[in-house]
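What follows is a short report on a single structure.
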Ligand code: ADP
Ligand code: TRP
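Numbering (this note's numbering), first residue to last: 68 to 411.
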């Protein structure tokens, strides 16, 4: 009798995620990703990196890139990642990512990449002027994850498709190189009310670093006045808050503010409605602003404190890179052996 189901992965659970050093982090990054990193580190072995290789898929000023990496590292630390618990490092300090990505470029199919919506969004109308790196970006992301045989990847909702591609690459590698169960098929952890925070100016667009309007997002480094002003000016409608989630569903801007409140307060959206149903935004917004300031204010302050001592951040990143390489090297050696490379 033949067994059709692929061999299961037998290794340990491992968490991996990363953020690109391409601009100020915002509330969406915080709720969709960073909050989860800090929580997961105490449950499962966790590696969190700064994706500087991904960053250069779009032009970055070389004189600023190192500092941008430090800023993301500072945000990780300020939101609760502990370098004695989690492994924190810069992607470019672990060359195994790029080397595995090359092998994966030869495993992934053009047809798979052609379907990636993030590339379509980022390339816009000028696809032919985008870098080739932007196109194969999700292949490098698969290598980031699989070089550590990570099984769980905490990310926002927008990254789901890249995780599906990662699973396809893992599966095809395992099949093509007669390596059943060698790579795990990792899972995206997108649960939670902050999985898709929307712009404060447009309830149909995701809150994003690349939105030209700073009013559309709350940055981790915004001070209390800036946070309060952005919440006050956030787009809403004239109706009071409804009693049920069904009524809220057709009001994207109102829903977004309720979602943000719930995520920041660690409550469900239904609980928030129970408290605020019947109240207008004139009453709700100041409460949301106070909550946002109380959560984000200390994070911004801690980031500024950490960034005043860059040498300490560099030390943490160097130590993390050494630990990450120790995990990555044996996987790459095994990949090279299985592929049949001359130099292994
Ligand atoms: P951006 O889209 O602002 O450039 P990134 O692509 O660097 O942000 O995302 C870093 C992490 O934050 C990813 O895990 C991503 O899924 C998450 N994320 C980004 N924007 C949001 C959002 N609006 N809501 C929830 N999570 C988000
Ligand atoms: N693509 C992710 C983003 O836009 C960043 C990223 C790069 C990543 N490599 C990763 C996330 C590996 C999780 C795992 O946010």
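Glycine included, each C-beta is placed from N, C-alpha and C at the ideal position.
For the pair residue 391 and residue 184, the CB atoms are not nearer than the 8 Å cut-off. Sixteen is the threshold: when 16 or more other Cβ atoms of the shown chains lie within 10 Å of the Cβ of residue 94, as they do, the residue is buried.
In the displayed model, residue 113 falls within a strand according to three-state DSSP. From the listed residues 217, 122, 128 and 152, the smallest Cα separation to residue 105 is found for 152. If one requires a minimum length of 4 residues, the alpha helix (DSSP H) runs lying completely within the region 208 to 275 are 227 to 243, in chain order. At a cut-off of 7 Å, the beta-carbon of residue 118 counts as near the ligand TRP: some heavy atom of the ligand is closer than that. For residue 140, the three-state secondary structure derived from DSSP is helix. The region 113 to 131 makes no contact with the region 362 to 373; the number of CB pairs closer than 8 Å stays below 3. With a cut-off of 7 Å, the C-beta of residue 175 is classified as distant from the ligand ADP, since no heavy atom of the ligand falls inside that distance. Restricted to the region 171 to 211, the alpha helix (DSSP H) segments that are unbroken, complete and at least 4 residues in length are 177 to 181 and 184 to 190, listed in chain order. Residue 147 and residue 141 have their alpha carbons spaced roughly 10 Å apart. The closest heavy atom of the ligand ADP lies 7 Å or more from the beta carbon of residue 172. The set of residues whose C-beta lies within less than 7 Å of a heavy atom of the ligand ADP reads, in chain order, 84, 86, 87, 89, 90, 93, 95, 96, 98, 99, 100, 222, 223, 224, 225, 226, 261, 262, 263, 264, 265, 273, 274, 275, 276 and 277. Per the Cβ contact rule, the region 196 to 203 is not in contact with the region 234 to 249 (fewer than 3 Cβ pairs under 8 Å). Counting along the chain, no beta strand (DSSP E) covers residue 351; the unbroken alpha helix (DSSP H) around it starts and ends at 348 to 374. Assigned with DSSP and collapsed to three states, residue 84 falls in strand. Taking C-alpha positions only, residue 118 is separated from residue 208 by approximately 9 Å.
Residue 255 is a Cβ neighbour of residue 226, given a cutoff of 8 Å.
At least one heavy atom of the ligand TRP is found less than 7 Å from the C-beta of residue 212.
Of the other Cβ atoms in all chains shown, 16 or more fall within 10 Å of the Cβ of residue 156; this residue is therefore buried. Distances taken from the Cβ of residue 121 to the heavy atoms of the ligand TRP include one shorter than 7 Å.
For the pair residue 344 and residue 309, the CB atoms are nearer than the 8 Å cut-off. Within the same chain, Cβ atoms closer than 7 Å to the Cβ of residue 285 are found at 93, 94, 294, 297, 359 and 363, the five residues on either side in sequence being excluded.
With a cut-off of 7 Å, the C-beta of residue 220 is classified as near the ligand TRP, since at least one heavy atom of the ligand falls inside that distance. Residue burial annotation: residue 84 is buried, with at least 16 other C-beta atoms found within 10 angstroms of its C-beta. The beta carbon of residue 228 sits no closer than 7 Å to any heavy atom of the ligand TRP. Residue 96 sits in a helix when the DSSP states are folded into three classes.
Taking C-alpha positions only, residue 274 is separated from residue 291 by approximately 19 Å. Residue 150 is positioned such that its CB atom lies closer than 8 Å to that of residue 386. Ranked by Cα distance from residue 86, the first of 138, 174, 249 and 259 is 138.
Following the DSSP letters along the chain, one finds residue 154 inside the beta strand (DSSP E) bounded by residues 154 to 157. For residue 327, same chain residues with a beta-carbon under 8 Å away, outside a window of 5 residues either side, are 94, 98, 261, 264, 355 and 359 in chain order. Secondary structure of residue 134 (DSSP, three-state): helix. The Cβ neighbour count for residue 96, taken over all protein chains shown within 10 Å, is at least 16; the residue is labelled buried. Taking C-alpha positions only, residue 361 is separated from residue 229 by approximately 34 Å.
The three-state secondary structure of residue 286, taken from DSSP, is strand.
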